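J.: Residue numbering for the sequence shown follows our numbering, beginning at 936 and increasing consecutively.
In this text, a Cβ means the ideal position worked out from N, Cα and C, and glycines have one as well.
Owing to the predicted nature of the structure, the values given are computational and were not obtained by experimental measurement.
What follows is a single structure, and I will ask about it in a moment.
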Amino acid sequence: MKSETFRAEALISFFRRRKIATMEQLKTVLGTTVHMTVFRKLREISYASSCSHGGRFYTIAALAPFDERGLWRCRGVLFSRFGSLINTVEHVVTRAERGFLAAELAAELQIEVRQPLRKLVTQHRLTREAISGQFVYCAADFSKRNEQLHQRRTYGTAEALPFTRDPLAETSDDTKAAIILFLSTLDERQRRLYAGLESLRLGHGGDRRLAELTGLDVHTIAKGRTELMQRDVQFDRVRRPGGGRPSLEKKRLKLSRQSNN
């Protein structure tokens, strides 16, 4: 019996139309249910997997219009000439003129980077130094690290991106009171997202400082920050399905059942 033939040309044609695809989409294109069949054909055309979204998206490297940093974003999915997220983070930080704060790098890549940064420091592929109460991530090479730290100290820890300045340290008591009043006009989701945004602006320790200012739970602020970073925002409801207090009618029905028992 003749074995079934799968053609890489079908993938090339698909990528030219759609640019990026998931494994399930590629299996459908080839008419197979086997992951390894897809990978064999991808290797024939020099593919790249995404460094965001857990590497679940694929493209043809030759079709990816990488920018001068070696990065390309398509429909919110990040690809890199350097492959994985951890390799990309290492490369971007090592090349940076002044290193990066975690919040700066997250804004640069538009993805959560704290875990890969910690791992790279643990593996001695990057270093970090505390400057003005904030951790600056730098190259592992001694001379490059010293130059990055010199530039950072010269220009200030929060000059690379305006939003990384500490807004609370520069805010008057009247303004802080106005922020608290403003929060009281928002619904639960809006408060969480606003506080999460301000936490991102503060950088390291932002969740705790916003909790102290606003009275919001630190976990609520962390949840808002995570939703923003992962673009996981529900636009049509305050709580996710199933959340919130039970309706008044459900309460009455529950009380009625309890009284009957």
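Does the beta-carbon distance from ALA1074 to THR1029 come in below 8 Å?
T.: What you label residue 1074 is simply residue 139 of the sequence shown in a count that begins at 1. What you label residue 1029 is simply residue 94 of the sequence shown in a count that begins at 1. In this structure, THR1029 lies closer than 8 Å to ALA1074 by Cβ.
J.: Determine the closest residue to LYS954 out of MET1164, VAL1012, LEU1135, GLU979, with distance taken between C-alpha atoms.
T.: Walking along the sequence shown from the start, residue 954 turns up at place 19. Looking at the Cα atoms, VAL1012 is the closest of the given residues.
J.: According to DSSP, simplified to helix, strand and coil, what is VAL1048?
T.: By one-based count along the sequence shown, residue 1048 stands at place 113. Residue state, collapsed to three classes: coil.
J.: Quick check on SER981: buried or exposed, where buried means 16 or more other Cβ atoms within 10 Å of its Cβ?
T.: Within the sequence shown, numbered from 1, the residue matching residue 981 stands at position 46. Exposed is the call here.
J.: Going straight from the alpha carbon of PHE1070 to that of LEU946, what length do you get?
T.: Residue 1070 sits at position 135 when you count from the first residue of the sequence shown. Residue 946 sits at position 11 when you count from the first residue of the sequence shown. Each residue's Cα considered, the two are about 44 Å apart.
J.: Can you tell me whether LEU1151 is helix, strand or coil according to DSSP?
T.: Indexing the sequence shown from 1 puts residue 1151 at position 216. Coil, per DSSP.
J.: Can you tell me whether LEU1151 is buried or exposed? The criterion is at least 16 other CB atoms within 10 Å of its CB, across all chains shown.
T.: Locating residue 1151 in the sequence shown gives position 216, where the first residue counts as 1. By the neighbour-count rule (16 or more Cβ atoms within 10 Å), LEU1151 is buried.
J.: For GLU1032, does the count of other Cβ atoms within 10 angstroms reach 16, so buried, or fall short, so exposed?
T.: To locate residue 1032, count along the sequence shown from 1; it is residue 97. Classification for GLU1032: exposed.
J.: Would you report the Cα separation of THR972 and ARG1049, rounded to the nearest angstrom?
T.: Position 37 of the sequence shown, counted from the first residue, corresponds to residue 972. Position 114 of the sequence shown, counted from the first residue, corresponds to residue 1049. C-alpha separation (whole angstroms): 35 Å.
J.: Tell me the DSSP bridge mates of ILE995?
T.: Within the sequence shown, residue 995 is the residue found at index 60, counting from 1. In the DSSP output, where bridge partners are listed per residue, ILE995 has TYR982.
J.: Tell me, please, which residues DSSP counts as bridged to ILE1066.
T.: Residue 1066 sits at position 131 when you count from the first residue of the sequence shown. GLN1069, per the DSSP bridge assignment.
J.: Answer with buried or exposed for GLY1068, where buried requires no fewer than 16 other C-beta atoms within 10 angstroms of its C-beta.
T.: Sequence index remark: in the sequence shown, residue 1068 carries index 133 (1-based). So GLY1068 ends up on the exposed side.
J.: Looking at C-alpha atoms only, which residue of HIS1059, THR1062, ILE1021, ALA983 is the closest neighbour of LEU1044?
T.: Here residue 1044 is taken as the residue at index 109 of the sequence shown, counted from 1. Closest option to LEU1044, Cα to Cα, is ILE1021.
J.: Where does PHE1001 sit, in a helix, a strand or coil, going by DSSP?
T.: What you label residue 1001 is simply residue 66 of the sequence shown in a count that begins at 1. Here PHE1001 sits in coil by DSSP.
J.: Using beta-carbon positions only, say whether ALA956 and PHE949 come within less than 8 Å of one another.
T.: Taking the sequence shown and counting its residues from 1, one reaches residue 956 at position 21. Taking the sequence shown and counting its residues from 1, one reaches residue 949 at position 14. Yes; because the gap between Cβ atoms is below 8 Å, this pair is in contact.
J.: Using only CA atoms, which one of ILE1046, ILE1115, ARG1126 lies nearest to MET1164?
T.: Within the sequence shown, residue 1164 is the residue found at index 229, counting from 1. Closest by alpha carbon: ILE1046.
J.: Identify the residues that DSSP records as bridge partners of SER1015: which are they?
T.: Taking the sequence shown and counting its residues from 1, one reaches residue 1015 at position 80. Paired residues: LEU1006.
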